[in-house]
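Asker: With the numbering used here as the guide, the letters of the sequence shown map in order to residues 978 to 1416. First, the structure itself, so that you have it in front of you.
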Amino acid sequence: MRFLPFIPALVLFCASAQAEEVSSSRARKYAKTMQALIRAESEEELTKFIARMGVLDHPRSVTLIPPAATLLPSKINYEKALEAIGSLENAEAVATLIKNYKKARSLGDKVLLLDSFGYRDDKPTGEEILASFGNKLLRIQLTGLRAAGRRKLKGAVDPLVALVEAQTKERDLLWLEGRRALLKITGQDFESGADWKKWWDAERESFDPNEAPEEDGRTVVVKKAADSVEFFGTEIFSRNLIFVIDVSGSMAMFDQGRSTIKDAQKARVRLDRARKQLLVAIESLPKAARFNIIAYSNKVTAWQKGLRPTSKSAVKSAGRFVKEFLARGATYTDDALKRAFEDREADTIVLLSDGAPTKPEFPSAFLIEQILKDIANLNAARKMRINTFGFEGVGGWPDKIPGQPSGPLPLPTPKDVEVFAGFMKQLAEDNHGSFQSIK
């Protein structure tokens, strides 16, 4: 049994919380309480602490909300912080958070605060959302776009239309998220900035975001461009991405499709198909892009320590790395994803696999549950997009497998495939991405 250390001044339950004045000494005690809870990794008590600081609604108490939610990564506490800040009524407390947002050294705190402004309706936080569109940091820009869409800020339409027009040629995440924000605010969707300007010039004066048609689950419609970056038919919009590729033993399997078994063993081996798609994708990346590649089985191997610019030499080096892929070993998906999250500059993970995570000491069901929880916590403030690609079929083993002993090998069951596909779909859905089935 784990015993928590002594928690100083843990007065988290007080009926007269809103009436309480938070002195400097009291605030210091609250800060010590927070630090002790973080050291103890007490997620549940931190949830109560965040709620308490919000209820106090005081400039000194609300300052502790962001670090309490981000220093111990937790999706639950991140969402509790959004709720607490969104409910604040004290203008001085809100002004303090705006000041803290502007000078924050922690990018996680800055993202959380800007994200929380999307749950408010006051003018000062709305102005900060609009200002974020011009921030130098992409994560801040993207967070601001989502916050503007959530609040349905009419004042955001002009800068959003300008952004979409400016980024139309790039077709990057700013372009995509700008269009999504416009869809949420207006209920309309146009692909080009010129079409947006034409519509907005006609609607600007009379437009009321509260009367706009609901998006009702709609997503932006993207027509593929001739020079788009694609992976198994899905367009990749990120310019800061990591490809995470499963090279476990089962990637030596083939999927028959409409081919004969003989032809499929030659042309439809999973690892060969992944390799070809990956090579085309990295060769198609624009010059402004940066990327890395992680190959994993029971061992995780990265092409580079971090993201690298898309130079000719980098693409050539990456190509050599990809061509050396060999299918063998288990499927340590958890280790591969954690390695990808170590790169602080990446905003998108492209994950390809053909089976549920495996480790000798744990059943797949446990690993799946743990991965979904761990990544949700890591990604609460990070907001990485995880696009997943899965070979969704039982497959077959070739007659001969390089580097593996001959003889019959077990096939996954339809239930195994169902569990795997469900995991990949859930991972993408939970992390701002999409799932692509590969047959």
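Glycine included, C-beta positions come from ideal geometry on N, C-alpha and C.
Assuming glutamine 1144 contacts leucine 1151 under a Cβ cut-off of 8 Å, what Cβ separation, rounded to an integer in Å, is found between them?
Answerer: Locating residue 1144 in the sequence shown gives position 167, where the first residue counts as 1. Locating residue 1151 in the sequence shown gives position 174, where the first residue counts as 1. Their Cβ separation, rounded to whole angstroms, is 5 Å, which keeps glutamine 1144 and leucine 1151 in contact under 8 Å.
Asker: Please name the residue, chosen from Leu1107, Lys1079 and Pro1036, that lies closest to threonine 1073 on a Cα-to-Cα basis.
Answerer: Your numbering for residue 1073 matches position 96 in the sequence shown. The candidate whose alpha carbon is nearest that of threonine 1073 is Pro1036.
Asker: Let me know the beta strand (DSSP E) ranges lying completely inside the segment 1236-1321, each 3 residues or longer, listed in chain order.
Answerer: If we require 3 residues or more, the beta strand (DSSP E) runs fully inside the segment 1236-1321 come out as 1267-1273 and 1277-1279.
Asker: Would you mind stating whether lysine 1129 and proline 1190 have Cβ atoms separated by less than 7 Å?
Answerer: If you number the sequence shown from 1, residue 1129 lands on position 152. If you number the sequence shown from 1, residue 1190 lands on position 213. Not closer than 7 Å, so no.
Asker: Threonine 1211 bridges to which residues according to DSSP?
Answerer: By one-based count along the sequence shown, residue 1211 stands at place 234. DSSP, once it has assigned bridges, lists Phe1208 as partnering threonine 1211.
Asker: Report buried or exposed for proline 1286, applying the criterion of at least 16 other Cβ atoms within 10 angstroms of its Cβ.
Answerer: By one-based count along the sequence shown, residue 1286 stands at place 309. The residue is exposed, with fewer than 16 neighbouring Cβ atoms inside 10 Å.
Asker: Give me, in chain order, the residues of the same chain whose beta-carbon lies closer than 7 Å to that of tryptophan 1177; leave out the 5 immediate sequence neighbours on both sides.
Answerer: Indexing the sequence shown from 1 puts residue 1177 at position 200. Val1134 and Val1138, listed in sequence order.
Asker: In the structure shown, what three-state DSSP assignment does aspartate 1086 receive?
Answerer: By one-based count along the sequence shown, residue 1086 stands at place 109. It is helical.
Asker: Any idea if aspartate 1034 is buried or exposed, counting beta-carbon neighbours within 10 angstroms, 16 or more meaning buried?
Answerer: Within the sequence shown, numbered from 1, the residue matching residue 1034 stands at position 57. Its Cβ being crowded by 16 or more others within 10 Å, aspartate 1034 is buried.
Asker: Answer with buried or exposed for glutamate 1406, where buried requires no fewer than 16 other C-beta atoms within 10 angstroms of its C-beta.
Answerer: Counting from 1 along the sequence shown, the entry for residue 1406 is found at position 429. Glutamate 1406 comes out exposed.
Asker: Sort Val1088, Gln1347 and Asp1166 by Cα distance to glutamate 1056 and report the nearest one.
Answerer: Here the question's residue 1056 lines up with position 79 in the sequence shown. If we check each option's Cα against that of glutamate 1056, Val1088 comes out closest.
Asker: When burial is assigned at 16 or more other CB atoms within 10 Å of the CB, is alanine 1254 buried or exposed?
Answerer: Position 277 of the sequence shown, counting from 1, holds the residue named residue 1254. Checking the displayed sequence, the identity of residue 1254 turns out to be glutamine instead of alanine. Looking at its Cβ environment, which holds 16 or more other Cβ atoms inside 10 Å, glutamine 1254 is buried.
Asker: Could you check whether the Cβ of isoleucine 1219 sits closer than 7 Å to any Cβ belonging to chain C?
Answerer: The structure shown contains no chain C; it holds only a single protein chain.
Asker: Identify whether leucine 1328 lies in helix, strand or coil by the three-state DSSP scheme.
Answerer: If you number the sequence shown from 1, residue 1328 lands on position 351. If DSSP states are grouped into helix, strand and coil, leucine 1328 belongs with the strands.
Asker: When we look at the beta-carbon of lysine 1161 and count the other beta-carbons within 10 Å, is it buried (16 or more) or exposed?
Answerer: Walking along the sequence shown from the start, residue 1161 turns up at place 184. The residue in question, lysine 1161, is buried, as its Cβ has 16 or more Cβ neighbours within 10 Å.
Asker: With respect to the alpha helix (DSSP H) encompassing glutamine 1012, which residues constitute its N-terminal and C-terminal limits?
Answerer: Locating residue 1012 in the sequence shown gives position 35, counting from the first residue. Its alpha helix (DSSP H) spans residues 1001-1016.
Asker: How long is the line joining the alpha carbons of threonine 1024 and alanine 1070, rounded to whole angstroms?
Answerer: Taking the first residue of the sequence shown as 1, we reach residue 1024 at position 47. Taking the first residue of the sequence shown as 1, we reach residue 1070 at position 93. Their Cα atoms are separated by approximately 20 Å.
Asker: Would you tell me roughly how many angstroms separate the C-alpha atoms of glutamate 1020 and tyrosine 1007, rounded to the nearest one?
Answerer: On the sequence shown, position 43 is the one that residue 1020 refers to. On the sequence shown, position 30 is the one that residue 1007 refers to. Roughly 16 Å between the two C-alpha positions.
Asker: My output table needs one value for threonine 1102: the three-state DSSP class, helix, strand or coil.
Answerer: On the sequence shown, position 125 is the one that residue 1102 refers to. Three-state DSSP puts threonine 1102 in a helix.
Asker: Any heavy atom of the ligand FMN inside 6 Å of the beta-carbon of alanine 1046?
Answerer: Inclusion of the ligand FMN in the displayed structure is not the case, the ligand content being empty and no account of it being possible.
Asker: Along the chain, where does the beta strand (DSSP E) containing arginine 1362 start, and where does it finish?
Answerer: Along the sequence shown, one-based indexing puts residue 1362 at 385. 1362-1368 is the span of the beta strand (DSSP E), which, as asked, contains arginine 1362.
Asker: Apart from the five residues just before and just after phenylalanine 1397, which ones in its own chain have a Cβ nearer than 6 Å to its Cβ?
Answerer: To locate residue 1397, count along the sequence shown from 1; it is residue 420. Contacts found: Gly1332 and Ala1333.
Asker: Alanine 1295 and arginine 1216 - do their beta-carbons sit closer together than 7 Å?
Answerer: Here the question's residue 1216 lines up with position 239 in the sequence shown. Here the question's residue 1295 lines up with position 318 in the sequence shown. No, the pair does not count as a contact, with Cβ atoms beyond the cut-off.
Asker: So which of Met1230, Gly1164 and Glu1018 has the shortest CA-CA distance to arginine 1245?
Answerer: As a working note, residue 1245 is residue 268 in the sequence shown. Among Met1230, Gly1164 and Glu1018, the Cα nearest to that of arginine 1245 belongs to Met1230.
Asker: Which of the three DSSP states, helix, strand or coil, is assigned to leucine 1218?
Answerer: Numbered from 1 along the sequence shown, position 241 holds the residue referred to as residue 1218. Strand.
Asker: Looking only at its own chain, which residues have a Cβ that is under 8 Å from the Cβ of lysine 1174, when we skip the five neighbours before and after it?
Answerer: Within the sequence shown, the letter at position 197 stands for residue 1174. Counting only Cβ-Cβ distances below 8 Å, and skipping sequence neighbours, we find Val1138 and Glu1142.
Asker: Our contact map puts alanine 1081 next to alanine 1028 with C-beta atoms below 8 Å; I'd like the distance itself, whole angstroms only.
Answerer: Taking the first residue of the sequence shown as 1, we reach residue 1081 at position 104. Taking the first residue of the sequence shown as 1, we reach residue 1028 at position 51. Alanine 1081 to alanine 1028, Cβ: 22 Å. No contact.
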